[in-house]
Structures are given as structure tokens and as C-alpha cells.
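S.K.: Please find one structure pasted underneath; my questions will follow.
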Amino acid sequence: MKSAIAELEAKGRAAKAAAHRLAYLSTDIKNKALHNISQDLLTRKDEILAANKVDYKEAEPSGMSTAMLDRLMLNSSRLEAIAQDVLAVATLPDPVG
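Count the sequence shown with our numbering and you get residues 1 to 97, in order.
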């Protein structure tokens, strides 16, 4: 459990550092990145769904609530909706400028 917590803390620190760097990018570059992320989600759909299936199978016996298991579970339509939502973010005004 400690290694998982340490890993999450390290990822959190890395995300914070990345956020500071992203703040200085132009809106156009950020929007292109969002479009690329959306496309990658769709292109790598099979890989993502396979990894999610493993995660779900590991979480099931852990005593996780049904609601949390439902949030964890991905399927093709959920992944496609996430990709569309990423594109929707690109249409929003850039909060940083």
C-alpha cells in the first residue's frame, strides 16, 4: 500500500509541475494537444479497454462499492464519450489566456 501511495504522490507532484509549464503554452497549442489526446483515446481504445478490464477485475474482490466499480468500468461508448468531452474542453475559453 505504501508504494501505491508514494507512486500517487509522485504522480501528483509531476502533474503539478506539468501544470505550471502548460500555463505558458498558447491556447492553440493546448487545443491541439486536446485534439491529439482525444484521437489517441480512440486510436488506442482496445489497449485502454483491455487495461481497464484488468483494473476492474482486481478491484472487484477489494470490497469496492458497486457505485465505485461502475465509475471504474469503461466500455466502448464510455471511452468515446470521454474522447468527445476532451474535444468539448478545447472549445471552452482558455482560463489562463
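Yeah, the Cβ is synthetic: ideal placement off N, Cα and C, and Gly gets one too. All figures in this text were calculated on a predicted structure; none of them were measured in a lab.
Evaluate Ser-3 with the Cβ neighbour count: other Cβ atoms within 10 Å of its Cβ, from every protein chain shown; 16 or more gives buried, anything less gives exposed.
M.R.: Its Cβ having fewer than 16 others within 10 Å, Ser-3 is exposed.
S.K.: Would you mind sorting Ser-38 into buried or exposed? The rule is 16 or more other CB atoms within 10 Å of its CB.
M.R.: buried
S.K.: Would you report the Cα separation of Tyr-56 and Pro-93, rounded to the nearest angstrom?
M.R.: Roughly 35 Å separates the two Cα atoms.
S.K.: Taking only three categories from DSSP, how would you classify Thr-91?
M.R.: coil
S.K.: Beta-carbon separation of Leu-41 and Val-89 under 9 Å?
M.R.: no
S.K.: What residue does the alpha helix (DSSP H) around Leu-42 start on, and which one ends it?
M.R.: 27–43
S.K.: Leu-69 to Arg-44, Cα distance in whole Å?
M.R.: 22 Å
S.K.: Tell me which same chain residues have a C-beta within less than 8 Å of the C-beta of Met-73, skipping the five on either side of it?
M.R.: Here the set comprises Asn-52 and Tyr-56.
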